[in-house]
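Just below is one structure, and these are the notes that go with it.
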Amino acid sequence: MVARRAVPLLAVLGIAGVAVAFAASLTLSPGSLGADLESVPRCTAAGLGVVQNVSGTTVVSVTVSSVPAACGGATLQATVNNQVTSSGGSTTVPGGGGSVTVTLALAVAITAVEEVDLVITGP
Amino acid sequence: MRTRTGLAAAIALVVVGIVAAGAAFAAGLSLTSQALTPYRTCVLSGTPATTTAVIDASVRQATATTNFGTSTTNDIASSTGANRRLYVRFDLTQCSPAIPSSAVIRLATLRMYVTVLPAACRTVDIFRVTATWTEAAITWNNQPFGTAINNPASGSASDTFAAGTPAGCQNLTANLYIVGATVTTDVAAFVAGTATNFGWMLRDDVEGSATARTQTYSAKNLGTASQAPQLVITYVTVP
């Protein structure tokens with residue numbers, strides 16, 4: 085008798101459990117899914133100054149200025165790509181923001197066109 | 029009865045398994061809600077000297093029909109009958125990857141390496157050029173803004189900076205890149221297609237000074253990577 089009641093009860097619990105699991109996965113909506121792009125939380129929307137520090141004919145580090153205090157404690161990753169060589173590094177933004185310099189793992193030859201990608205993760 | 033009890037226990041285990049799997053998925057995927065601030069920067073540099081990504085030249089009132097497109101330096105000068113202006117253009121289409129027309133330009137900075145500063149702090153105006161010119165042919169007489177001095181009006185400048193050796197001047201040390209030359213609005217218009225990119229003209233805010241006031245910048249043709257004219261464009265593709 086007890087077992088007969090338990091079977092449908094467990095089935096209901098099982099369905100409810102799956103529903104909870106699906107609901108939990110839907111919390112991803114602020115991110116980027118599929119072809120649709122949506123804004124993600126970020127510590128700044130301001131313009132950041134970017135200066136490549138050159139030694140001879142290579143870029144050895146990148147200085148990023150005007151980093152707001154809201155990004156304090158975040159990790160700033162910089163990657164320099166001259167279409168032939170790509171190199172990057174990362175550093176932690178100080179508490180008050182300001183300027184940070186990221187030393188590249190490998191020096192990148194300076195060319196007429198270079199791409200510098202910055203990603204600030206956190207705080 | 030034992031069989032039914034065993035069935036119930038099996039179902040219970042399945043349910044627990046499904047719930048646990050769901051929780052695991054939720055925990056893993058929740059990482060995407062972390063704050064990310066992605067920026068992309070295109071740096072256009074006048075190096076090597078043969079690059080077509082950058083063209084620059086100065087024009088000189090005192091030698092009004094001479095082209096200085098191959099000079100290794102560019103001057104900005106205020107002097108009676110001998111004013112000098114600097115023209116520079118960066119080819120944004122050479123950015124790789126290309127800047128999408130929908131990109132939001134966060135900051136565009138013009139970087140020029142100054143080697144000679146005037147003894148007085150002088151304001152330099154940056155104007156967006158609205159007609160075509162070439163590095164090999166531009167002269168004082170055929171420049172897009174014409175030969176009248178103090179034209180266009182200072183108020184129409186995209187931005188200004190100050191340069192000179194007196195204490196307190198914005199750029200008072202030679203042999204450095206100048207700071208304070210921001211052209212974000214112009215670059216945004218170029219990228220969006222609402223304006224054509226003919227580059228910029230830099231001139232002294234008050235041309236025709238009785239005392240010559242000259243500042244000298246390294247030109248693309250100097251061929252020195254660490255002194256090359258640069259345009260640094262920082263943008264985002266998802267606002």
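Going line by line, the protein sequences match chains L and H. Just so we're aligned: the first sequence equals residues 85 to 207 in the numbering used here. Just so we're aligned: the second sequence equals residues 29 to 267 in the numbering used here. No residue lacks a Cβ here, since even glycine has one placed at the ideal position from N, Cα and C.
Checklist entry - Whose C-alpha, out of 237/H, 157/H and 84/H, is nearest the C-alpha of residue 177/H? => result 237/H
Next on the checklist: Counting only beta-carbon separations shorter than 8 angstroms, does residue 63/H have a partner in chain L?
Outcome noted: So yes, residue 63/H belongs to the interface.
Item to check | Collapsed DSSP secondary structure at residue 196/H in the structure displayed | outcome: coil
Checklist entry - Do residue 258/H and residue 73/H have their C-beta atoms closer together than 8 angstroms? => result yes
Checklist entry - Which term fits residue 190/L, buried or exposed, when burial requires 16 or more other beta carbons within 10 angstroms of its beta carbon? => result exposed
Checklist entry - Between residue 192/H and the rest of its own chain, which residues show a CB-CB distance below 6 angstroms, the 5 nearest in sequence each way excluded? => result Close CB contacts of residue 192/H within its chain, under the 6 angstroms cut and outside five residues either way in sequence, are with 145, 146, 148, 149 and 150 (chain order).
Checklist entry - Between 113/H, 82/H and 101/H, which lies nearest to residue 180/H when the distance is taken from Cα to Cα? => result 113/H
Checklist entry - What is the residue span of the alpha helix (DSSP H) that residue 218/H lies within? => result 212–220
Item to check | According to DSSP, residues forming a beta bridge with residue 66/H | outcome: 203/L
Item to check | Residue closest to residue 175/L, alpha-carbon to alpha-carbon, out of 141/L, 202/L, 142/L and 127/L | outcome: 202/L
Checklist entry - Which same chain residues, not among the five before or five after residue 185/L, have their C-beta less than 6 angstroms away from its C-beta? => result 145 and 147
Next on the checklist: When you compare the CB of residue 260/H with every CB in chain L, is at least one pair closer than 8 angstroms?
Outcome noted: yes
Next on the checklist: With a threshold of 8 angstroms between beta-carbons, can residue 72/H be considered close to chain L, or not?
Outcome noted: yes
Item to check | Nearest-angstrom Cβ-Cβ length linking residue 105/H and residue 242/H, presumed shorter than 8 angstroms | outcome: 4 angstroms
Item to check | C-beta neighbour in chain H for residue 187/L, strict 8 angstroms | outcome: no
Next on the checklist: Distance check for residue 264/H and residue 131/H, CA to CA, integer angstroms please.
Outcome noted: Across the structure, residue 131/H and residue 264/H are spaced so that their CA atoms are roughly 6 angstroms apart.
Checklist entry - residue 124/H: buried (16+ other C-beta within 10 angstroms of its C-beta) or exposed? => result exposed
Checklist entry - In terms of alpha-carbon separation, which member of 78/H, 185/H and 90/H lies closest to residue 98/H? => result Measuring from the Cα of residue 98/H, the nearest candidate turns out to be 78/H.
Next on the checklist: To be precise: take each residue of the segment 240–265 of chain H, compare its Cβ to all Cβ atoms of chain L, and keep it if any distance is under 7 angstroms. Which residues remain?
Outcome noted: Residues passing the 7 angstroms Cβ filter: 253, 254, 260 and 262.
Item to check | Under 8 angstroms from the C-beta of residue 125/H: neighbouring residues of chain L | outcome: 199
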